[in-house]
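Each remark here refers to the structure printed beneath this line.
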Amino acid sequence: MLKTKKQFTKKVNHKPEVKGEAMPIHFTNGLPEIVLDYLGTDIKPISELKTNAKSNQKKYSEFKLFGRKLADLMQKEALKVSNLILQGEEKEVEEALAIVRENPLLLRCEVEAKDPIGRRVRGTALQIAAMAGDADLKTNITEENKKGMVERLIKAGDLSKEEIIEQLKCVTSFEAELANEVRNRRVLAAIKKFGNDLSEIKTGSNESFEEFQLRCKYNIDQLEAGLKSANENVITAGYIFDIAILQKSIKWYKENLEKLNGYWSYQSDIFWVKAFGKLQTNLSFSDAVIIERGVGHWNSNQTIPARSLNNTTRLEIGLSTYIGYFEPKKAGDGGFPGARAAWFDRIISNKKNSIAKLCAVQCMESKCGITPFI
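Offset between the sequence shown (1-based) and the working numbering: plus 59.
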């Protein structure tokens with residue numbers, strides 16, 4: 060039964076000292092939740108947000124309605140955007156961009172998202188895209204769907220230069236470089252241990268590759284555990300998975316080739332399929348697209364592939380297949396003699412330059428006092 064205005068007003072008290080008071084009327088229990096659920100993400104940014112980004116962003120971060128911050132109201136939608144970005148396919152990316160265009164304020168909301176293999180990443184949608192390394196692969200890209208997600212989000216959210224620089228500190232700052240270096244070293248330590256352990260396992264007389272691989276199962280399991288532990292913490296700075304790790308793994312392999320009995324040994328095969336293959340399964344989406352096509356194709360013509368993965372092929376990566384320079388290779392093919400750390404130089408430098416250009420800062424070198432890992 061509906062109450063009359065007179066009856067209703069008898070129940071209402073003004074209590075400005077009460078937490079959550081947002082207007083000169085104190086709602087009874089339950090009503091604030093109904094209002095907040097109804098509002099959802101419909102509170103739009105003020106018009107001057109871009110012109111005075113720092114002060115207005117602070118206003119929005121401090122604004123409360125019934126004791127809940129504005130970011131709390133947007134959590135669900137902001138998390139959806141970030142998870143779509145980490146999925147990486149063009150369909151998901153377009154959906155994320157459409158949501159951001161509708162409410163650019165979502166780019167100022169921090170969330171904790173998960174990528175397809177369960178790694179946890181915390182930041183705004185733009186920061187998560189940056190930590191995924193999803194920036195322009197080269198200069199002067201004209202087709203919108205070929206651009207990096209970082210650039211596409213900035214355009215969709217109409218972010219100011221000040222905001223861009225501040226948010227991208229998650230990959231450009233001293234702290235970000237240090238966090239990235241520490242994580243990279245942990246991954247490479249697992250790779251080196253696996254390679255050294257393989258070198259101690261001798262091939263039996265008339266032993267098949269399958270039999271040899273079975274004898275290496277303990278070492279393979281140890282490698283997987285090591286790679287998993289390197290990413291067990293929530294990532295808040297640096298790259299989710301730095302493609303430079305592939306570069307350094309090739310360098311270590313070539314320097315230790317004699318220990319692994321040469322290119323065509325079982326030890327070399329196991330290293331390439333399991334170590335290099337497992338690393339490839341850890342790639343962020345934008346890197347995985349290039350590597351799956353074969354980095355050789357990128358180095359030859361710098362054609363940016365569509366945002367799509369051949370999932371059938373990827374199911375085999377790290378199990379029986381690794382991705383070679385131009386095409387996937389199977390166990391037993393032998394280590395690829397043309398393997399060079401320089402395969403990835405252009406991808407790494409182009410992405411760093413793209414981020415640097417957005418921030419109008421020098422491309423990041425080592426500023427953390429740690430020699431880059433080798």
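Ideal Cβ placement from N, Cα and C applies to all residues, glycine included.
The structure presented is a predicted model; accordingly, all values stated were derived computationally and were not measured.
Using a 10 Å radius around the Cβ and a threshold of 16 neighbouring Cβ atoms, would you call residue i buried or exposed?
{"i": "P387", "result": "buried"}
{"i": "S359", "result": "exposed"}
{"i": "I414", "result": "buried"}
{"i": "N341", "result": "buried"}
{"i": "K276", "result": "exposed"}
{"i": "K220", "result": "exposed"}
{"i": "Q361", "result": "exposed"}
{"i": "N199", "result": "exposed"}
{"i": "G177", "result": "exposed"}
{"i": "T201", "result": "exposed"}
{"i": "N265", "result": "exposed"}
{"i": "D174", "result": "buried"}
{"i": "S408", "result": "exposed"}
{"i": "S343", "result": "buried"}
{"i": "D404", "result": "exposed"}
{"i": "P396", "result": "Here the model assigns P396 a pLDDT of 46, short of 50, so the residue's position is not dependable, and the following value carries that caveat. P396 is exposed by the Cβ-count criterion."}
{"i": "K337", "result": "buried"}
{"i": "E269", "result": "exposed"}
{"i": "L172", "result": "A small fix is needed here, since residue 172 is Ala in this sequence, not Leu. Its Cβ being crowded by 16 or more others within 10 Å, A172 is buried."}
{"i": "A249", "result": "buried"}
{"i": "A157", "result": "exposed"}
{"i": "A189", "result": "buried"}
{"i": "S267", "result": "exposed"}
{"i": "A284", "result": "exposed"}
Beta strand (DSSP E) containing residue i: first to last residue?
{"i": "Y277", "result": "That residue, Y277, is in no beta strand (DSSP E); its alpha helix (DSSP H) goes K276 to S288."}
{"i": "R178", "result": "From DSSP, R178 is part of no beta strand (DSSP E); its letter is neither H nor E."}
Run through the DSSP bridge pairs and tell me what residue i is partnered with.
{"i": "K173", "result": "R179"}
{"i": "I294", "result": "V180"}
Please go through the same chain and pick out, in chain order, the residues whose beta-carbon is closer than 8 angstroms to the beta-carbon of residue i, but skip the five residues on each side of it.
{"i": "N262", "result": "According to the sequence as given, residue 262 is Thr; it is not Asn. Within the same chain, T262 has close Cβ partners F271, N320, S324, Y325 and Q326."}
{"i": "Q134", "result": "C168 and V170"}
{"i": "F385", "result": "G353, G355 and H356"}
{"i": "E203", "result": "R211"}
{"i": "D346", "result": "G192, F300, I302 and I406"}
{"i": "C418", "result": "I223, I224, L227 and T231"}
{"i": "I213", "result": "L185, I223 and L417"}
{"i": "I260", "result": "F271, R274, C275, N278 and Q326"}
What is the residue span of the alpha helix (DSSP H) that residue i lies within?
{"i": "T340", "result": "G336 to T340"}
{"i": "I260", "result": "Note, I260: premise wrong, no alpha helix (DSSP H); not H, not E."}
{"i": "Y325", "result": "Y325 to I329"}
{"i": "Y312", "result": "A303 to E314"}
{"i": "E202", "result": "Note, E202: premise wrong, no alpha helix (DSSP H); not H, not E."}
{"i": "T231", "result": "K228 to T231"}
{"i": "W357", "result": "V354 to N360"}
{"i": "S413", "result": "D404 to C418"}
{"i": "A157", "result": "E149 to E161"}
{"i": "K197", "result": "It is not in any alpha helix (DSSP H) - K197 carries neither H nor E in the DSSP assignment."}
{"i": "R366", "result": "From DSSP, R366 is part of no alpha helix (DSSP H); its letter is neither H nor E."}
{"i": "G321", "result": "Unbroken run through G321: none, as it is neither H nor E."}
{"i": "R167", "result": "Per DSSP, R167 belongs to no alpha helix (DSSP H) and is neither H nor E."}
{"i": "L212", "result": "M208 to G216"}
Please return the same chain residues whose Cβ sits closer than 7 angstroms to the Cβ of residue i, not counting the five positions on each side in sequence.
{"i": "I279", "result": "K333"}
{"i": "R160", "result": "A215"}
{"i": "D301", "result": "N239 and N243"}
{"i": "K113", "result": "Bear in mind that a pLDDT of 49 at K113, under 50, signals an unreliable position, so the number given afterwards is only what the model happens to contain. The residues are E221."}
{"i": "I329", "result": "L257, Q272 and C275"}
{"i": "N442", "result": "With the chain running from 60 to 433 in the structure shown, residue 442 is simply not present."}
{"i": "E234", "result": "A296"}
{"i": "E148", "result": "R366 and S367"}
{"i": "K318", "result": "S258"}
{"i": "K109", "result": "With a pLDDT of 49 at K109, under the threshold of 50, the modelled position of this residue cannot be trusted, and the question is left open."}
{"i": "L282", "result": "A249, F253, K333, A334 and K337"}
{"i": "I376", "result": "G336, Q339, T340 and I382"}
{"i": "L166", "result": "V159, T183, A184, L185, L212, G216 and L218"}
Leaving out five residues before and five after residue i in sequence, what residues of the same chain have Cβ atoms less than 6 angstroms from its Cβ?
{"i": "I363", "result": "L196 and K205"}
{"i": "A155", "result": "V140, L143 and I144"}
{"i": "G207", "result": "D193, A194 and D195"}
Worksheet item: Using 8 angstroms as the Cβ pair cut-off and three pairs as the minimum, do the region 285-303 and the region 239-259 touch?
Response: yes
Fill in: Contact the region 181-199 vs the region 132-152: 3+ CB pairs below 8 angstroms
yes
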